[in-house]
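Counted from 1, the sequence shown has number 456 at position 24 by our numbering; the numbering is strictly sequential.
Note that CB positions come from ideal geometry on N, CA and C, so glycine has one too.
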Amino acid sequence: MPSPLEDSHPPDDRRRRFEDVYTANRAAILGYALRRTADPQDAADVLAETFLTAWRRLDDVPSGAQTRLWLYGVARRILANHHRGERRRSALAADLGSRLRTDLADPTGPAGPESDLADVAAAFRSLPEPDRELLSLVGWEGLDHGEIATVLGCSRNAVRIRLHRARRRLARALERTETDARPLPATVPNGERA
433 MPSPLEDSHP
443 PDDRRRRFED
453 VYTANRAAIL
463 GYALRRTADP
473 QDAADVLAET
483 FLTAWRRLDD
493 VPSGAQTRLW
503 LYGVARRILA
513 NHHRGERRRS
523 ALAADLGSRL
533 RTDLADPTGP
543 AGPESDLADV
553 AAAFRSLPEP
563 DRELLSLVGW
573 EGLDHGEIAT
583 VLGCSRNAVR
593 IRLHRARRRL
603 ARALERTETD
613 ARPLPATVPN
623 GERA
């Protein structure tokens with residue numbers, strides 16, 4: 433069933449109108465975005481998103497001199513979203529940096545669940561790539577043995593065996609991580625343990 437937009441404008445007319453809007457305004461909108469972003473790739477993203485919005489809302493795009501103004505308004509809102517996202521990412525990076533400096537300054541490391549997660553992450557990173565991929569497909573992607581077999585191009589039985597071995601290697605890596613993290617027993621000057 434044709435959409436209402438196609439009924440009001442035949443597909444060729446709609447495409448032609450969009451191409452005209454794009455051709456006439458691309459350089460101006462790109463310049464607008466380049467002057468307001470630090471990275472040309474960000475400006476290209478703003479340009480693409482602006483014209484995607486124009487395509488989706490082509491019936492709302494005014495004609496004549498108002499077209500460019502409408503596109504500037506769209507680009508302005510997209511830039512505002514972009515800058516908000518940048519500020520959030522910068523704040524998160526600063527917060528993470530602060531936490532890492534604090535954790536690294538404390539030789540005993542964080543206590544509690546964060547420490548456990550750090551141990552799991554360290555053990556996971558120590559595994560070979562095939563084991564990490566297999567465990568990720570199970571744990572993060574939630575795939576079953578048959579689905580993993582399809583992804584990896586092997587049999588379900590091979591997946592079952594590889595997964596068993598990968599879990600065993602992860603358990604051993606966790607044991608090593610926990611052993612390395614345990615504090616050494618305190619000693620007194622005469623060499624006896626306290």
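1) Throw me the rounded Cβ distance for the Arg601 and Leu559 pair, which I believe falls under 8 Å.
2) For Arg500, which residues from the same chain have a beta carbon less than 7 Å from its beta carbon, with the 5 sequence-adjacent residues on both sides left out?
3) If you follow the alpha helix (DSSP H) that Val453 is part of, which residue opens it and which one closes it?
4) Locate the alpha helix (DSSP H) running through Val583, then write down its first and last residues.
5) Under the three-state reduction of DSSP, which class applies to Pro494: helix, strand or coil?
6) Using the rule of at least 16 other Cβ atoms within 10 Å of the residue's Cβ for burial, across every protein chain shown, is His596 buried or exposed?
7) Decide if the region 518-528 is in contact with the region 489-498; the criterion is three or more beta carbon pairs, one per stretch, under 8 Å apart.
8) May I ask you to report which of helix, strand or coil DSSP gives Ala553?
9) Under 8 Å, do Val570 and Ala581 count as touching if we go by C-beta distance?
10) Find out if the Cβ-Cβ distance for the pair Tyr464, Ala507 is shorter than 8 Å.
11) Can you name the start and end residues of the alpha helix (DSSP H) that Pro560 belongs to?
12) Do you know how far the Cα of Gln498 is from the Cα of Leu437?
Quick look at the numbers:
1) Right, the Cβ-Cβ distance comes to about 6 Å (below 8 Å), so this counts as a contact.
2) If we look at Arg500 and ignore the five residues flanking it on each side, its Cβ neighbours are Asn457 and Ala460.
3) Here the alpha helix (DSSP H) through Val453 covers Pro443 to Leu466.
4) Where Val583 is concerned, the enclosing alpha helix (DSSP H) stretches over His577 to Leu584.
5) Three-state result, Pro494: coil.
6) The residue is exposed, with fewer than 16 neighbouring Cβ atoms inside 10 Å.
7) Three or more beta-carbon pairs separated by less than 8 Å are not found between the region 518-528 and the region 489-498, which leaves the two stretches without contact.
8) In the structure shown, the three-state DSSP call for Ala553 is helix.
9) Not closer than 8 Å, so no.
10) Using a Cβ distance threshold of 8 Å, Tyr464 and Ala507 count as a contacting pair.
11) Bounds of any alpha helix (DSSP H) do not take in Pro560, whose DSSP letter is neither H nor E.
12) Note that Leu437 scores a pLDDT of 49, beneath 50, so its modelled location is shaky and nothing firm can be said.
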